[in-house]
Amino acid sequence: MFSRIFILLSVCALSLQETITFNNGGITVNFTNCGARTHFEITAPIINGVNIDASWLGLTLDTNFSSLADSNLIACKKNGSTVSVEQFVYSGSQLVHMNSSNKFTGLNSLVVNANGNIMTCKFTRENKDRDPLYLNMNTQKLFMKISYGSLSGDALQNAVSEYPSSSVVDFPVHQNCEQWTSLDNDRMMVKFRNYGSKTMYEATVLIGNGVSIDSVWLGVGINFNRKMPGADVVICKRNLTYNSVEHYYNEGLNPRYIDDTNKFIGLSSMYVGANGNYLTCRFTRDNKNANPKYIYQNGEDLFVMVAYGTFTSDVMLQHALVKESKNIVSFPIQPSFEDYTTLDNENLRVEFKNCGKMTHFTVTAVIGNGVSIDNVWVGMGLNINRKMPGTDVVICKRNTTFNSVEHYYNDGLIPKYMNLSNKFEGLSSMSISVSGNVLTCKFSRDNSNPNPFYKNLNTENLYVISGYGSFTGDEILVHNLIKESKNVVKFPVAPRCTQFTTLNDDKIRIEFKNYGQKTDFTAIALIENGININNVWLGIGLNLNRKMPNTDVVVCKKNNTILSVEHYYNDNLQPRYINESNKFVGLSSMSITTSGNTMICKFTRDNSYPDPKYKDLNTESLFIHAAYGKMENNELTNHVLVKETKNIVNFPVEPLIQDYTTLDNDNLKIEFINCGTITHFTVTAVIGNGVSIDNVWVGMGLNINRKMPGADVVICKRNTTFNSVEHYYNDGLVPKYMNLSNKFEGLSSMSISVSGNVLTCKFSRDNSNPNPFYKNLNTESLFVISGYGSFIGDDILVHQLIKESKNVVPFPVTPNCQDFTTLDNDKMSVKFKNYGSQTEFIATALIEKVDINSAYIAVGLNLNRKMPGASEVVCKKSGSQTYVEHYYNDGLNPVYLDDTNRTIGINKASVTVSGNYLTCRFYRDNSNSNSRYLNINTEALFVLFAYGSLSGQNLEMHSIVKESKNVVPFKVTSNDTFQSYNLGDYTIKWIERTDEIDFVFTTRVTLSNNLWTSFALSNDPIMGDDNAIVCKIVNSNMIVQHYYNSGKFRPNLLNELEPSMGLTNVNCELNSGNFTCSLSRKKILPDILNYFDTRYKYYLLFAQGPTDDNG
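Mapped onto mature numbering (1 follows the signal peptide of the UniProt record, and there is no 0), the consecutive letters of the sequence shown carry residue numbers -17 to -1, 1 to 1094.
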């Protein structure tokens, strides 16, 4: 039995739990907001003359406590042995149940206990409800109050003590929180996790009421109401000789199999166990099945029921106890890409992660039945049925001297090698380990292969079969145990897997990411065989075969005097530098670290190089080799260990969003995005060598060689009172300003921040400039040089550390870059996109010095860095009102640019607030006949940014104003016309905006109501792992929602609380059989799981169909 298996279903970690303590009353409130619902636990002493056996304890929520009107009260009642938790609302000053027909509205998992005079109340409250008086903990700012008082019969008497919170209570949503509901005052606990296509359940129940734990059935049911007829029930049966988990439905009050031919329909990973009088049943249930008696779990409003009773000779007697949730239980989607199935009551476990081309497996088996852990084989098979003949089987063999993972197929009942010339056909990253009588076997298996006996994991519907037995020599003896999954196992594709291979029984792991022109490698090796970790070399090689001669090898060297990553090839068995004049040829971003006996070596390798000894990672089929040995006098000695992959390794290409190079063993990192005319840099430096983080300069230089003289250097200066980013060049070894009259020459968007001893400096640098000392990043081949030191006044003291890239650093141009400039150390940002006739702006400011609800931000353009003459778009927020208007600075006095048209040249404007950030979006015409209107296309303009307070709608003096250091180029990047694509009944048009993409999607439809149509972004042309936008007409209402589709079944909303997550400007119309929906989609929402980043490229998929009763 594996105690580790259900870590994901353990009680919510304390780190997810928020706590409020009311010290003056000794009251504690713990709560965890899981998005759809919040779990509460209140503990309070009931004193001040109140009898705890006739008392109530309440939690009140309100937007303010100036009056009780519309407050929500959850009251926990204890009247002798009778307990209840109910939801009330104040109608004026009158306290009434939120819903007269359901006093438990929005509540589940109700528990009331008393210990002496201490009452503990637990409940789960749904965060929203259709009732307009129900307060939403996710969208409304709420105060909390705890109170208690006496009961008179069932009625609440006035509170004798009240303890309000001093401020609004924050209910942060925890995305990965555990989901559960409890019944029978916590004696029945049902935990669950919905992965989209299926849900894992764990039910733990205290068995009583005269039922023996050794002859018991336990049912977990779901239904559309709180009644038994029609319920879909999974029943767990146990006696001393028999365990089974089976699928029923209630025909009236009589349980019947959902499918008489398959009593396990929709179930997998089943387990039944007992501990004292507690019965635990675990199973995974498919959320959907074609059987009409099977209840679809996603999108339905379902209650949960739990019951138990006695069973004899497979006959279930009437339940001894049955309980139902008070309200609907929601099953929010929490996708996971580490999937699994279990067999043999969890004694066999098969974990898997399908990465599209390959699936990584971990098979764990508890070995028994007379088989020795020191002479055992464990098999994991795939077949189109639950039988052994024709099964594709990976067999893990182990004895005390030998480990091997090999690929077989069953010819009838006889196992034969899948390929006689390669017993490892389709396999990689193989390892076997044992702990006690538990064997763990890991391997990666190609999903397809031309061999006719090879099962295709992506296209075939496959059962999993697993077993074990003994072996003699190379002969596999008959199994001592064999088990099959009850149903087909789905292998959903996980997006953007980490690519890796392992060698030497998992002791060497090589991760890689191919960006097309270059590949990042991370090699992690456990150094053994008598080699000292402080005097070692580790080699990672590529070759056309599994032999050492002609291997292209990157060697990582470490001893007490040297850390180096160098490029070799094997001249027969003799290692030689690929290029004697440059031992780092093709390498960059090199680092070596150690932890205990483990060495970690990172490097980036160019995929190709014009040398016949250099292996081309994109065009050649390559094996990976790994070896290590001892260093002597900084030279390589013979390896003590060498390993090769059993098969060719694939290096799939992934897009690169942000490029980088590192220096000083990763202590200096330079990230960059070249946008053609400008490059955005982020320099991160770990400051050491006796230099204080509070008095430091960090430099990032470019030069045509690896030397300091002539280098073009951007220097970031910081002390406790001063931040500055300035542009220098090295006159010999002496740094001088690039331009004495402008120390910020060619720079913009500058900021400096620190965390501990790490300094981060951001800046944007023009790629070219007429200054003769200025290095042109697009036309010159440049090395990167970086270092740091101290400074006094404006004088830069000599560097304490200086490092140079080993090779020229390429700065490839990234298409469709985002244009922006930032000011005030990144507290102000202006994104923009020039479409030729107009420019889109998104301006955001951190408002620190004024009230954000009575504030303005102003984005100005001028011919210089001064305010007089500036043309300014002013965005105002006054309470709930917002305005965007066009001003002109007449001297220092702002006046309307046109008194008769305050929004001259502005359209599509909006103002929004998020926390302390005020954001203004608008489109500005690039030119206008007004004589004071500045022309973005023809004039060289600086950007000015300010904010301040409003007095009514009038502008007060700005609290802060900042100007760009140089002219900001507003180059035309788009012509404001849509691209389009047509496929059959579908036409889609799109245009890229600053941070959104506008779509117009039209479908030819035959229905006029209760229909849906969608377009989806996908990593491949096959349905599954898709981000879909679905346009619906449901009961004549037009809706657009955002979904994730994990496979060939109903997709799931990206966010249950916000069905249109990431979508704005939505409009739909049906005209003459054409259903058109137009919308804007945010390019990226990094915190939202399965929200596809449109900076990557995707396939477009289309589909349509009718909606069901639930839309």
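Glycine included, each C-beta is placed from N, C-alpha and C at the ideal position.
Values in this document were obtained by computation on a predicted structure and should not be read as measured data.
Buried versus exposed call for residue i [16 or more other C-beta atoms within 10 Å across all chains shown]
i            : result
G235         : exposed
L460         : exposed
M940         : exposed
D297         : exposed
P593         : exposed
I545         : exposed
P162         : Checking the displayed sequence, the identity of residue 162 turns out to be Gln instead of Pro. With 16 or more Cβ atoms within 10 Å of its Cβ, Q162 is classed as buried.
K700         : buried
F(-16)       : A caution first: F(-16) carries a pLDDT of 26, below 50, which makes its placement in the model unreliable, though a value can still be read off. F(-16) should be labelled exposed.
P1089        : exposed
D322         : buried
S820         : exposed
T996         : buried
V781         : exposed
residue 1120 : Residue numbering for the chain in the displayed model covers -17 to 1094; residue 1120 lies beyond these limits and cannot be assessed.
L1084        : buried
Selection from the options that minimises the alpha carbon distance to residue i
i     : options                : result
L125  : S820, V696, I768, V152 : V152
L605  : L527, H622, H550       : L527
K726  : V632, S251, K948, G259 : K948
S963  : W973, K954, Y969, V955 : W973
N434  : V417, C424, K406, F426 : K406
S427  : S997, V194, E389       : E389
K105  : N672, T164, F483, A853 : T164
L525  : N192, N533, V173       : N533
N13   : Q(-1), A609, N958      : Q(-1)
C160  : S150, R176, D169       : R176
Y839  : D809, P877, L846       : P877
T645  : N497, I785, P851, N918 : I785
D642  : I514, P793, Q482       : P793
T985  : N920, N555, Q1087      : Q1087
K1008 : Y720, H550, G179       : Going by the sequence as given, residue 1008 is Asp instead of Lys. Closest option to D1008, Cα to Cα, is G179.
S732  : M721, V708, N740       : V708
Sequence-distant residues of the same chain with beta carbon closer than 7 Å to residue i, five excluded per side
i     : result
L1037 : H1025, Y1026, Y1027, M1044, I1071, N1073, Y1074
V813  : F803, T804, F824, A826, V842, V926, F928
P147  : F48, F126, K128
N393  : M371, P372, G373, T374, V376
A37   : N62, S133, L134
N1010 : A999, L1000, Y1027, N1073, Y1074, F1075
I516  : I510, T577, N580, M582
Close-in-space but distant-in-sequence residues of the same chain around residue i (CB under 8 Å, 5 per side omitted)
i    : result
N462 : Correcting the residue identity first, residue 462 is His in this sequence and not Asn. So the list reads G362, G450, Y451, G452, once near-sequence residues are dropped.
Beta-carbon separation (whole angstroms), residue i vs residue j, contact threshold 8 Å
i     : j     : result
Y711  : G729  : The pair is not a contact, with the Cβ atoms about 11 Å apart (cut-off 8 Å).
F766  : R689  : 5 Å
L396  : M371  : 6 Å
I855  : N872  : Checking the sequence shown, residue 855 turns out to be Glu, not Ile. Confirmed, Cβ separation roughly 6 Å.
P1004 : Y1082 : 5 Å
N366  : L445  : 6 Å
N686  : P795  : Wrong, their Cβ atoms sit about 19 Å apart, outside the cutoff.
S387  : T484  : The Cβ separation is near 17 Å, so there is no contact.
S773  : V674  : 6 Å
CB of residue i within 8 Å of CB of residue j, strictly
i    : j    : result
L166 : A186 : no
L844 : L924 : yes
R268 : Y254 : no
C744 : V669 : no
A477 : C584 : no
S468 : V447 : yes
N420 : I356 : yes
F385 : F495 : no
Close-in-space but distant-in-sequence residues of the same chain around residue i (CB under 6 Å, 5 per side omitted)
i    : result
D649 : S574
K696 : It is worth fixing the name first, because residue 696 is Val in this sequence and not Lys. So the list reads G682, G684, Y711, once near-sequence residues are dropped.
The ligand SAM heavy atom lying under 7 Å from the CB of residue i
i    : result
Y146 : Here there are no bound small molecules, and the ligand SAM is not part of this structure.
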